[in-house]
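Number 300 in my numbering belongs to position 265 of the sequence shown; there are no gaps in the numbering.
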Amino acid sequence: MRTVFAGAAILVGLCVSNVHAAEFKCQDDVPAPTYTAEQQQLVDQFWQETLLYLDAYLEVLKTPTGVCKDSAEATIQTFDSVTGKKQSRCILKYRDMELMAKHLQAILDEPDKAKACFDTQKAYTAFQLYTPSAEVRKMSPVSQWIDRPLLTDYFTKMGGPIGKAGLELNENFAAVTAKTNAKAHWKRDVSINGLPTLWSSVGWIPFYAENEDARNERFRGGYLYAEVMGPWGNLRIEEIDGESVGAEIGMTVQLFDSSYPYHYHHPQEIYMTLTAPACVDQNKYMVLHWDSDQLTQDRVADGWTVTVDGSSDAWKGWFLDQNPTEEWLTYFERNAIHAFHLKEGCNATIKDSGLVTVWARSISRDNQQTTRLCRPTDGKPHVNDMMPWTKAVCDLKDWKP
Ligand code: ZN
């Protein structure tokens, strides 16, 4: 008998350890620098806040909200013609989200292994990463040590309306990002208020500053995103147990009184709103599936030409008001058409406005990852007036399932 019990104990021990014995494969471009003890402390601080962000992210996905029993309820279309209302789904019912949750759990179970794939991106060469301002850099010794170029300098040099908008956002970055409220759904404050090292040390990208397709100059200067985890972020894990890691998790910031035109892409995307708006309709967004009957679809080689006609106030039926309590979570399926319109509403000022989100994509390693903007149908330039009511055409490409 004694032998049997001993055998069983060993088996249990093996099973328990097996649960946590995942194999992590880092991307080839993760460096392995040698740090002094002092530098290692800074790296560790950055890593700790990264883990807290990912941990809170997983928790918020798993916590039931709305009518969902197994996970958070996400808006997947802001207007559904069948019901005349928005359409929602329990977010972990999507297979890509289930995988993302599984991979995040593996990281949180064995953080020391995952850490081998963590890079501060201090010496990142794929493209330029920035810190918003000197004020933000001062928020953390980690950011000071990484010493990225400042976006305030970048936009000063750029000048013109895009430079002006960029300066307005980046000079006020700390105030804009601090005007957030994570209390309703998050177990900890994942904003710059709760994780100042992460938000000040991650590499920021002025994604549209040099992209004319976005057309609206105030938006082009007034939009930033950062990637904490993913193919171009700090934590670059290619595979866990031989499974491709599609999770791409970061954050975005958009300047008030700016409009992000209709756009689309192959990877599925998730936004969680952190900004508490100064009034109900300050921040609006829309998402419609590409095949929605609100839009017009024409089949072309390798894809669809989709026309979005928001004129005659049609757009008003599509857009919803974003906030951190009720309309806080949205999931965009592949090629879904979406937009963020921060123009109507109260008399906003830079200090009480803007849109800060926790941003993610779930499949960042297949098909085409590029974000594509819809174009005006009338062939006119449409600088500064590419709005929700401007008739637009989106050239969608088929994706491989
Ligand atoms: Zn998108």
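Quick reminder that beta carbons are idealized off the backbone N, C-alpha and C, glycines included.
With a threshold of 7 Å (Cβ to nearest heavy atom), would Thr-365 be considered close to ligand 2?
Ligand 2 is not part of the structure shown, which contains ligand 1 as its ligands.
Taking C-beta to C-beta, are Leu-113 and Trp-353 nearer than 8 Å?
The sequence position of residue 113 within the sequence shown is 78, counting from 1. The sequence position of residue 353 within the sequence shown is 318, counting from 1. Note that residue 113 is Thr in the sequence shown here, rather than Leu. Contact: yes.
From Ile-240 to Leu-202, what distance separates their C-alpha atoms?
The sequence position of residue 240 within the sequence shown is 205, counting from 1. The sequence position of residue 202 within the sequence shown is 167, counting from 1. Looking at the two C-alpha atoms, the distance is approximately 14 Å.
Any idea if Asp-328 is buried or exposed, counting beta-carbon neighbours within 10 angstroms, 16 or more meaning buried?
Taking the first residue of the sequence shown as 1, we reach residue 328 at position 293. By the neighbour-count rule (16 or more Cβ atoms within 10 Å), Asp-328 is not buried but exposed.
Under DSSP, the beta strand (DSSP E) around Trp-394 begins and ends at which residues?
Counting from one through the sequence shown, the residue named residue 394 turns up at place 359. First-last of the beta strand (DSSP E) with Trp-394: 390-396.
When Leu-355, Met-421, Cys-409 are compared against Leu-120, the one with the closest alpha-carbon:
Counting from one through the sequence shown, the residue named residue 120 turns up at place 85. For clarity, residue 120 is Lys in the given sequence; the question names Leu instead. Per the Cα distances, Leu-355.
Assuming Trp-339 is part of the beta strand (DSSP E), what are its boundary residues?
Against the sequence shown, residue 339 aligns to sequence position 304. From DSSP, the beta strand (DSSP E) with Trp-339 extends over 338-343.
Roughly how many angstroms lie between the CA atoms of Leu-185 and Leu-290, to the nearest whole one?
Translated into the one-based positions of the sequence shown, residue 185 becomes position 150. Translated into the one-based positions of the sequence shown, residue 290 becomes position 255. Spanning the two alpha carbons is a distance of roughly 17 Å.
List the endpoints of the continuous beta strand (DSSP E) containing Pro-296.
On the sequence shown, position 261 is the one that residue 296 refers to. First-last of the beta strand (DSSP E) with Pro-296: 293-299.
Should Glu-252 be labelled buried (16 or more other beta-carbon atoms within 10 Å of its own) or exposed?
If you number the sequence shown from 1, residue 252 lands on position 217. Buried, since its Cβ has 16 or more Cβ neighbours within 10 Å.
Contact under 8 Å by Cβ, Ser-235 with Met-422
Working through the sequence shown from its first residue, we reach residue 235 at position 200. Working through the sequence shown from its first residue, we reach residue 422 at position 387. No, the pair does not count as a contact, with Cβ atoms beyond the cut-off.
Looking at Thr-100: is its Cβ nearer than 8 Å to the Cβ of Glu-108?
Against the sequence shown, residue 100 aligns to sequence position 65. Against the sequence shown, residue 108 aligns to sequence position 73. Going by C-beta atoms, Thr-100 is nearer than 8 Å to Glu-108.
If you measure between the beta carbons of Thr-80 and Val-177, is that distance less than 8 Å?
As a first step, residue 80 must be located in the sequence shown, where it is residue number 45. As a first step, residue 177 must be located in the sequence shown, where it is residue number 142. Sequence check: residue 80 is Gln here, not Thr. Against a cut-off of 8 Å, the Cβ pair of Val-177 and Gln-80 comes out as a contact.
Looking at the unbroken beta strand (DSSP E) that takes in Phe-162, where does it start and where does it end?
The residue given as residue 162 occupies position 127 in the sequence shown. Phe-162 -> no beta strand (DSSP E), and no H or E assigned at all.
Would the beta-carbon of Ala-311 fall within 8 Å of that of Met-286?
Here the question's residue 311 lines up with position 276 in the sequence shown. Here the question's residue 286 lines up with position 251 in the sequence shown. For Ala-311 and Met-286, no; Cβs fall outside 8 Å.
Pro-302 to Glu-368, Cα distance in whole Å?
On the sequence shown, residue 302 is found 267 positions in, with the first residue counted as 1. On the sequence shown, residue 368 is found 333 positions in, with the first residue counted as 1. Those two C-alpha atoms are separated by around 8 Å.
Just how far apart, CA to CA, sit Val-225 and Ser-388?
Position 190 of the sequence shown, counted from the start, is the residue given in the question as residue 225. Position 353 of the sequence shown, counted from the start, is the residue given in the question as residue 388. Those two C-alpha atoms are separated by around 18 Å.
Following a CB-centred definition, is His-373 positioned closer than 7 Å to any heavy atom of ligand 1?
Along the sequence shown, one-based indexing puts residue 373 at 338. Yes; taking the cut-off as 7 Å, the Cβ of His-373 has a heavy atom of ligand 1 nearer than that.
If you check the beta carbons only, do Arg-407 and His-300 fall under 8 Å apart?
Here the question's residue 407 lines up with position 372 in the sequence shown. Here the question's residue 300 lines up with position 265 in the sequence shown. Yes; because the gap between Cβ atoms is below 8 Å, this pair is in contact.
Quick check: does the Cβ of Glu-304 come within less than 7 Å of any heavy atom belonging to ligand 1?
As a first step, residue 304 must be located in the sequence shown, where it is residue number 269. Under cutoff, so the answer is yes.
Can you tell me which residues form a DSSP beta bridge with Gln-289?
Numbered from its first residue, the sequence shown carries residue 289 at position 254. DSSP, once it has assigned bridges, lists Tyr-258, Leu-390 as partnering Gln-289.
So does His-417 have its beta carbon nearer than 7 Å to some heavy atom of ligand 1?
Residue 417 sits at position 382 when you count from the first residue of the sequence shown. False, no ligand heavy atom lies under 7 Å from that Cβ.
Does the Cβ of Leu-309 have 16 or more other Cβ atoms within 10 Å, making it buried, or fewer, making it exposed?
Position 274 of the sequence shown, counting from 1, holds the residue named residue 309. Its Cβ being crowded by 16 or more others within 10 Å, Leu-309 is buried.
Presumed contact (8 Å Cβ cut-off) between Val-263 and Val-280, rounded CB distance:
Against the sequence shown, residue 263 aligns to sequence position 228. Against the sequence shown, residue 280 aligns to sequence position 245. Incorrect: roughly 13 Å between the Cβ atoms, too far for contact.
Since I believe Asp-292 is in contact with Ala-383 (beta carbons under 8 Å), could you give me their beta-carbon distance rounded to a whole number of angstroms?
On the sequence shown, position 348 is the one that residue 383 refers to. On the sequence shown, position 257 is the one that residue 292 refers to. At roughly 6 Å, the Cβ-Cβ gap stays under 8 Å, so Ala-383 and Asp-292 are in contact.
Backbone secondary structure at Trp-424 - three-state DSSP:
Translated into the one-based positions of the sequence shown, residue 424 becomes position 389. Trp-424: coil per DSSP, three-state reduction.
Contact defined as beta carbons within less than 8 Å: I believe Val-211 pairs with Val-391. What is the distance between those atoms, to the nearest angstrom?
Within the sequence shown, the letter at position 176 stands for residue 211. Within the sequence shown, the letter at position 356 stands for residue 391. About 7 Å; that satisfies the 8 Å criterion.
Between Cys-429 and Val-343, is the Cβ-Cβ spacing less than 8 Å?
Counting from 1 along the sequence shown, the entry for residue 429 is found at position 394. Counting from 1 along the sequence shown, the entry for residue 343 is found at position 308. Yes, these two residues count as a Cβ contact at 8 Å.
Using a threshold of 8 Å, state whether the C-beta atoms of Tyr-189 and Tyr-165 are closer than that.
The residue labelled residue 189 in the question sits at position 154 within the sequence shown. The residue labelled residue 165 in the question sits at position 130 within the sequence shown. Yes, these two residues count as a Cβ contact at 8 Å.
With DSSP as the reference, label Val-322 as helix, strand or coil.
Position 287 of the sequence shown, counted from the start, is the residue given in the question as residue 322. It is a strand residue.
Taking the beta carbon of Ser-399 as the centre, do at least 16 other beta carbons fall within 10 Å, making it buried, or is it exposed?
The residue you call residue 399 lines up with position 364 of the sequence shown. Under this definition Ser-399 is a buried residue.
Return the CA-CA distance between Val-171 and Leu-230, expressed in angstroms with no decimal places.
Residue 171 sits at position 136 when you count from the first residue of the sequence shown. Residue 230 sits at position 195 when you count from the first residue of the sequence shown. If you take the alpha carbons of Val-171 and Leu-230, they lie about 12 Å apart.
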